[in-house]
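Q: Got a structure for you, questions after.
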Amino acid sequence: IFPDKMHGSYNEYLETQIIPALRDDEGYRQKIREAMSLETVFEMFKVREPYSVDIEVEMEDGSFYKRFDFYSVDPESEYCIVLKTDTTELIREQKKQEEKARELEYSKEELADAEGTIADAGFGLWHIVLEDGKEPRMRANAKMMELLGLTGQDLTEEEVYAGWYSRIHPDDIPSVQKS
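Just so we're aligned, residue 7 is where the sequence shown starts under the numbering used here, counting upward by one.
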């Protein structure tokens with residue numbers, strides 16, 4: 007959002023340049039109009055500085071995001087500096103991360119449902135994790151812990167692995183290590 011002219015009042019800039027560029031939602035436009043009014047800006051300086059307002063601008067090739075940071079120059083004369091920053095990439099990345107977090111939460115819920123089904127069926131389920139330079143670990147559901155005789159113990163994954171490994175018959179250790 008660049009001014010068409012380099013002089014004029016802030017309110018004129020707000021009403022002719024900023025507000026028309028906002029997404030086509032009168033409620034949102036009114037909210038931004040109020041948030042960016044000089045009355046609100048100077049009132050907010052009493053609480054915090056800088057005072058920031060984030061806006062969404064609709065353009066032909068998508069939505070863009072801007073942040074207006076207001077800094078008080080002289081509270082007595084009510085002068086302020088406005089710094090406009092393009093936050094589009096930051097907001098887009100945040101939205102991607104939020105979507106990934108929602109997908110992860112959904113996957114966790116699906117996994118919990120599947121684990122519940124498996125537990126109801128009475129299956130022991132485990133997963134062994136082998137990483138170079140680290141102790142082997144074993145994750146096991148409650149049924150598997152019961153089968154290993156490890157229920158009621160607060161064990162680390164490494165200790166669960168050791169408990170499982172200690173139950174392997176000595177004749178079977180070479181084939182287990184090989185696989």
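No residue lacks a Cβ here, since even glycine has one placed at the ideal position from N, Cα and C. Please read these numbers as outputs of a predicted model, since none were measured by experiment.
I need the straight-line Cα distance from Asp178 to Gly169, nearest angstrom please.
A: Taking the straight line joining both Cα atoms gives about 16 Å.
Q: Is Glu64 helix, strand or coil by DSSP?
A: In this structure, Glu64 counts as strand in the three-state DSSP scheme.
Q: Near Lys52, which residues of its chain fall below 7 Å by C-beta distance, leaving aside the five closest residues on each side in sequence?
A: Nothing listed; no residue qualifies.
Q: Could you tell me whether the Cβ atoms of Phe70 and Val59 are closer together than 9 Å?
A: No; because the gap between Cβ atoms is not below 9 Å, this pair is not in contact.
Q: Helix or strand or just coil, what does DSSP make of Leu96?
A: The answer is helix: DSSP assigns Leu96 an H, G or I state.
Q: In terms of residues, what are the limits of the beta strand (DSSP E) holding Met144?
A: From DSSP, the beta strand (DSSP E) with Met144 extends over Arg143 to Ala146.
Q: Going by beta carbon distance, what residues of the same chain come within less than 8 Å of Gly122, once the five residues before and after it are set aside?
A: Cβ neighbours of Gly122 beyond the five flanking positions: none.
Q: Buried or exposed, going by whether 16 or more other CB atoms sit within 10 Å of the CB of Val166?
A: So Val166 ends up on the buried side.
Q: Within the continuous alpha helix (DSSP H) that includes Ile134, where are the two ends?
A: Taken as a continuous stretch (DSSP letters only), Ile134 belongs to no alpha helix (DSSP H), being part of the beta strand (DSSP E) at Trp132 to Val135.
Q: Can you say whether Lys72 is buried or exposed, counting buried as having 16 or more other CB atoms within 10 angstroms of its CB?
A: Buried, by the Cβ-count rule.
Q: In or out: Val28 buried (at least 16 other Cβ within 10 Å) or exposed?
A: Going by the sequence as given, residue 28 is Leu instead of Val. Looking at its Cβ environment, which holds 16 or more other Cβ atoms inside 10 Å, Leu28 is buried.
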